[in-house]
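Undergrad: Under this note's numbering, the first residue of the sequence shown carries the number 623, and numbering increases by one thereafter.
Glycine included, each C-beta is placed from N, C-alpha and C at the ideal position.
Remember, predicted model here, so these are calculated numbers, not experimental data.
Sharing a structure with you now.
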Amino acid sequence: RIIGYTPDLDPETVDDAFARAFQVWSDVTPLRFNRINDGEADIMINFGRWEHGDGYPFDGKDGLLAHAFAPGPGIGGDSHFDDDELWTLGEGQVVRVKYGNADGEYCKFPFWFNGKEYNSCTDAGRSDGFLWCSTTKDFDADGKYGFCPHESLFTMGGNGDGQPCKFPFKFQGQSYDQCTTEGRTDGYRWCGTTEDYDRDKKYGFCPETAMSTVGGNSEGAPCVFPFIFLGNKYESCTSAGRNDGKLWCASTSSYDDDRKWGFCPDQGYSLFLVAAHEFGHAMGLEHSEDPGALMAPIYTYTKNFRLSQDDIKGIQELYEVSPDVGPGPGPGPGPQPTLGPVTPELCKHDIVFDGVAQIRGETFFFKDRFMWRTINPRGKPTGPLLVATFWPDLPEKIDAVYEAPQDEKAVFFSGNEYWVYSASNLDRGYPKKLSSLGLPPDVQRVDAAFNWGRNKRTYIFAGDRYWKYNEEKKKMELASPKFIADSWNGVPDNLDAVLGLGDSGYTYFFKDQYYLQMEDKSLKIVKIGKISSDWLGC
């Protein structure tokens, strides 16, 4: 039973996130979950802040995201979510627009309007002050928009039937010209939907907007721009005055006078992923030591989520195998079980890497959604780590990766697309098709890529051919493609990865469990070795 909702998301989105989170577990067990609207349920779901009635207070933004109690009577199984977090679907605020020409669709942040990038709702281009957003990445091209949730358009819950706030309104003899938390102990902002609450007792909760703050001491009140801080005027969120780099804003026109502030919205936390994790606890699972497991103790956003084999094994030990999944791994009639992804172990599995690259001085090894990293190329790398921790927009599996040394951008390939990152930030306009690099249409994936220190050109390999790309001119060289065998004596076709180690004078070609070391000056293969012993410390 869902007792309460977060104002960060509309109720339909919350319901869907919880339903999908329960389905994660029902898909692999005999468990079936039925929602009730009244009475006592095995799992009671609610949102709260700080001390919220169970003796285990939350801690404000970040830190503790949620908690759930192990199965049992009373509070057993109940799951609580910290409403000082920004609850999203993992990719920034989920803002469902009203009216405009895209009613009911979601804002797309960032979006472009009149050649400028916007990361939140804006009143730019309007004279009525209403906040709006584009529902596509480029309003200039598509013209799709809607109005962002705001108390001047509608309210949520309460008994005001969704009517907008009526400012000013009277409450306990005082006049209010904005949403308030007065009269409440839970910190939720509300307003009167008539001019006199004392007389009419009509009210609603103020919806969160894409300018609403998170944490701080403003109780979710929206940013006010410009605002004054230490005598300086700020037109947007800032990290001034902080040493952790977090962006914040004032919720009044002068922080110096009022000391009211909050953090600006970030990517937030996926309600679906956190709920699936907490529901695992509610069913009796403890934290897992497997970094690829849903039940790992550290939150990592995963775009294309799949329950790991470690999670499946754990829940099936408690509740047996779902009849829909099948009788077991052996042959026989009936459906066979679907196994979840297994976290690879470097020295226990013969791993064929998807990509190897040196990025900002570290050597990275990629396999499916995992990676390992090391500063010493021949030292045992640390990991596995989830790729999504560093590059959250990438698909679950890459085909190739390299670093463009001119601007230290990491370039990833998967299928017929490629992604370009500056540190952990995806560059605007990506992913793009391989054809935009100058590769022919018949190339639907690449095997490997690297930037050669000898001539600063990028070499892209696919099958038995390679292409040479000029990073400075951003174009493919006219002599491309060529056959690998004609230029790289002894280098096999269908490579797994290629690694150039700066000015070391050598290039390394990876194929299956082996690698070839080539001397750049002579273009001769000087060594063939095993990856596990020479690169992974096994």
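1) With which residues is GLU1141 paired in a DSSP beta bridge?
2) What does VAL836 pair with, by DSSP beta-bridge criteria?
3) With distances taken from CA atoms, which of ARG748, SER749 and LYS730 is nearest TYR740?
4) Throw me the rounded Cβ distance for the TYR877 and PHE901 pair, which I believe falls under 8 Å.
5) Please list, in chain order, all residues of the same chain as PHE776 whose beta carbon is under 6 Å from its beta carbon, the five residues on each side excluded.
6) With 16 other CB atoms within 10 Å as the buried threshold, where does PHE1105 fall?
7) Quick check on DSSP: helix, strand or coil for HIS702?
8) When we look at the beta-carbon of TYR767 and count the other beta-carbons within 10 Å, is it buried (16 or more) or exposed?
9) In terms of residue numbering, what span does the beta strand (DSSP E) encompassing ILE1106 cover?
10) I'd like the list of long-range same chain contacts for ALA1070, defined as Cβ closer than 7 Å, with 5 residues on each side in sequence excluded.
11) At which residues does the beta strand (DSSP E) containing ILE850 begin and terminate?
12) The beta strand (DSSP E) spanning VAL716 covers which residue range?
13) Taking the alpha helix (DSSP H) that PRO586 falls in, what are its first and last residues?
14) For THR628, which of TYR1091, GLU727 and GLY670 has the nearest alpha-carbon?
15) Please identify the residue among LEU893, GLN645 and GLY782 whose C-alpha is closest to the C-alpha of ASN668.
16) In chain order, what residues of the same chain lie with their CB nearer than 7 Å to the CB of PRO779, ignoring the 5 residues before and after it?
17) VAL636 to LEU711, Cα distance in whole Å?
18) To the nearest angstrom, report how far apart ASP820 and THR802 are at their CA atoms.
19) Under DSSP, the alpha helix (DSSP H) around ALA663 begins and ends at which residues?
20) Skipping 5 residues on each side, what residues in its chain have a beta carbon closer than 7 Å to that of ASP745?
21) Taking just the CA atoms, how far does LYS1002 sit from ALA1107?
22) Should VAL716 go down as buried or exposed, given a rule of 16 or more other Cβ atoms within 10 Å for buried?
23) Can you tell me the Cβ-Cβ gap for ASP808 and LEU708, rounded? I've got them flagged as a contact below 8 Å.
24) Is SER701 near ALA692, with beta carbons less than 9 Å apart?
25) Using C-beta distances below 6 Å, list every residue in its chain close to ILE624, excluding the 5 sequence neighbours before and after it, in chain order.
26) Round the Cβ separation of TYR1043 and LYS1031 to the nearest angstrom and send it over; I've been treating them as touching at under 8 Å.
27) What's the gap between the Cα of LYS1133 and the Cα of LEU940?
28) On the CB-based measure, 16 or more other CB atoms within 10 Å of its CB, does GLU1025 come out buried or exposed?
29) Mind checking whether VAL974 and TYR1130 have CB atoms under 9 Å apart?
30) Between which two residues does the beta strand (DSSP E) containing GLN796 stretch?
31) Looking at the unbroken alpha helix (DSSP H) that takes in GLY936, where does it start and where does it end?
32) Take GLU984 and list the residues in its own chain whose beta-carbon comes closer than 8 Å to its own, dropping the five residues that flank it on each side.
33) When you compare the CB positions of LEU846 and THR816, do they come within less than 9 Å of one another, or not?
34) Comparing C-alpha positions only, which one of ARG654, CYS886, LYS935 and CYS1160 sits nearest to GLU857?
35) When burial is assigned at 16 or more other CB atoms within 10 Å of the CB, is LYS1146 buried or exposed?
36) For the beta strand (DSSP E) that ALA895 lies in, which residues bound it at each end?
TA: Taking the coordinates as given:
1) TYR1128 and LYS1146.
2) Its beta-bridge partners are PHE885.
3) Nearest in C-alpha terms to TYR740, of all of ARG748, SER749 and LYS730, is LYS730.
4) Incorrect: roughly 40 Å between the Cβ atoms, too far for contact.
5) Closer than 6 Å at Cβ, skipping near neighbours: GLY784 and PRO786.
6) By the neighbour-count criterion, in which 16 or more other beta carbons inside 10 Å mark a residue as buried, PHE1105 falls on the exposed side.
7) Three-state DSSP puts HIS702 in a strand.
8) Looking at its Cβ environment, which holds 16 or more other Cβ atoms inside 10 Å, TYR767 is buried.
9) Per DSSP, ILE1106 lies in no beta strand (DSSP E); the unbroken alpha helix (DSSP H) holding it starts and ends at 1106–1109.
10) So the qualifying residues of the chain are ALA1022, PHE1083, LEU1117, ASP1118, ALA1119 and VAL1120.
11) Membership of ILE850 in the beta strand (DSSP E) is indicated by the continuous run 849–851.
12) No beta strand (DSSP E) contains VAL716, which DSSP labels as neither H nor E.
13) As shown, the chain starts at 623 and ends at 1160. That puts residue 586 outside it, with no answer to give.
14) The residue with the shortest Cα to Cα distance from THR628 is GLY670.
15) Among LEU893, GLN645 and GLY782, the Cα nearest to that of ASN668 is on LEU893.
16) Reading off the sequence shown, one finds Gly at residue 779, where the question assumed Pro. Within the same chain, and ignoring the five residues on either side of GLY779 in sequence, the residues whose Cβ sits closer than 7 Å to its Cβ are GLY826 and PHE827.
17) Approximately 10 Å between the Cα atoms of the pair.
18) C-alpha separation (whole angstroms): 15 Å.
19) Here ALA663 belongs to no alpha helix (DSSP H), and DSSP marks it neither H nor E.
20) Spatial neighbours of ASP745 in its own chain (CB-CB distance under 7 Å, excluding positions within 5 residues in sequence) are listed in chain order as GLY751, PHE752 and LEU753.
21) The alpha-carbon atoms of ALA1107 and LYS1002 are separated by roughly 32 Å.
22) With a threshold of 16 other beta carbon atoms within 10 Å, VAL716 meets it and is buried.
23) In fact, because the Cβ distance is near 17 Å, the residues do not count as touching under 8 Å.
24) For SER701 and ALA692, no; Cβs fall outside 9 Å.
25) Counting only Cβ-Cβ distances below 6 Å, and skipping sequence neighbours, we find ILE667.
26) Contact annotation, TYR1043 with LYS1031: C-beta distance approximately 6 Å; criterion of less than 8 Å satisfied.
27) Their Cα atoms are separated by approximately 42 Å.
28) Residue burial annotation: GLU1025 is buried, with at least 16 other C-beta atoms found within 10 angstroms of its C-beta.
29) Contact flag unset, no.
30) Counting along the chain, the beta strand (DSSP E) containing GLN796 begins and ends at 796–798.
31) Element bounds for GLY936: 931–941.
32) Correct list, in chain order: ARG995, THR996 and ILE997.
33) In the sequence as displayed, the identity of residue 846 is Val instead of Leu. In this structure, THR816 does not lie closer than 9 Å to VAL846 by Cβ.
34) Of the listed residues, the one whose Cα sits closest to GLU857 is CYS886.
35) Burial call: exposed.
36) It should be noted that the sequence gives Leu, not Ala, for residue 895. First-last for LEU895: 893–904, but that is the alpha helix (DSSP H), not the beta strand (DSSP E).
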